[in-house]
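The next block holds one structure in the form of structure tokens; read it before the comments.
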Amino acid sequence: MKPVEKTSAGGVLSLGQLLQHNPAPTPALIDPGLLPSSGILFVGGEPKVGKSLLVANLALALASGRSRAGFTIPQARRVLICQFELPTPQFAARLSPMRQPIGSAADSNLLIDTEAAGHLLSAPRGLDHFLRAIRTAKADV
């Protein structure tokens, strides 16, 4: 890496200077750079606007390694969904039609924590459950 030239504006660099002096980022889980490999993606919003549907579709795409809904997925990943809201049968019924276009491509990589309901991440017990599920699943995402 070359030393960065000083500019008249102190530490202010042009985009060209910044990119010239910094290494390329590690590949993202969802391109272009939507979900960095070392990042966390939180999805929030008003009730009933489709957050769970978006996350389920992203999870299926990541687990199958197939691009979906305009998101480019470079390779399949092990994905853990901790479903805190819906009963397991209702969540399975929701995933079933989403799975049809990709067949069984995500079946071994998409893992669902069926005991997450009733836990709150803001409570120590809920956070412990979540962290334990991540370790058990050995998930990438």
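Counting along the sequence shown from 1, when you hit position 68 you're at 67 in numbering that gives the first Met the number 0, and nothing is skipped either side. Note that CB positions come from ideal geometry on N, CA and C, so glycine has one too. The structure presented is a predicted model; accordingly, all values stated were derived computationally and were not measured.
Next item on the list: Compare the Cα-Cα distances from L52 to each of D112, R93, P86, I133 and report the closest residue.
Entry: R93
Notebook entry, point to check: According to the neighbour-count rule (16 or more other Cβ atoms, all chains shown, within 10 Å of its Cβ), is R131 buried or exposed?
Noted result: exposed
Check: What three-state label does DSSP hand V54 in the structure shown?
Finding: Look at V54 here: in three-state DSSP terms it is helix.
Item checked: In DSSP terms, what L109 is bridged to -> V78
Item checked: Identity of the residue in D112, L34, T113, P100 nearest Q74 by Cα -> L34
Check: DSSP state of V3, grouped into three classes?
Finding: Any reading at V3 must be qualified, since the residue scores a pLDDT of 47, below 50, and its modelled position is unreliable; no value is offered.
Next item on the list: Return helix, strand or coil for R67, following the three-state DSSP convention.
Entry: strand
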